[in-house]
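Following: one structure in structure tokens, then a few remarks.
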Amino acid sequence: MSQVCDVCGKRPSAGNQVSHSMRHTRRMRMPNIQR
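Add 74 to a position in the sequence shown, counting from 1, and you land on the number used in the working numbering.
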């Protein structure tokens, strides 16, 4: 299944997950495309 929404065109966005001790690790935010 594709990670891009056919209706609204949303796609995964990358960013940092920041812990309480301010460590940064890369993460992907996946859109909810169960429509």
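Cβ coordinates follow ideal geometry from the N, Cα and C atoms, glycine included.
From a predicted model like this one, the values you see are computed outputs, not experimental measurements.
By how many angstroms is the C-alpha of residue j removed from the C-alpha of residue i?
{"i": "K84", "j": "M102", "result": "13 angstroms"}
{"i": "C79", "j": "N106", "result": "9 angstroms"}
{"i": "T112", "j": "S87", "result": "The structure shown does not extend to residue 112, since the chain is modelled only from 75 to 109, so the question has no answer here."}
{"i": "S95", "j": "M104", "result": "25 angstroms"}
{"i": "R97", "j": "Q77", "result": "27 angstroms"}
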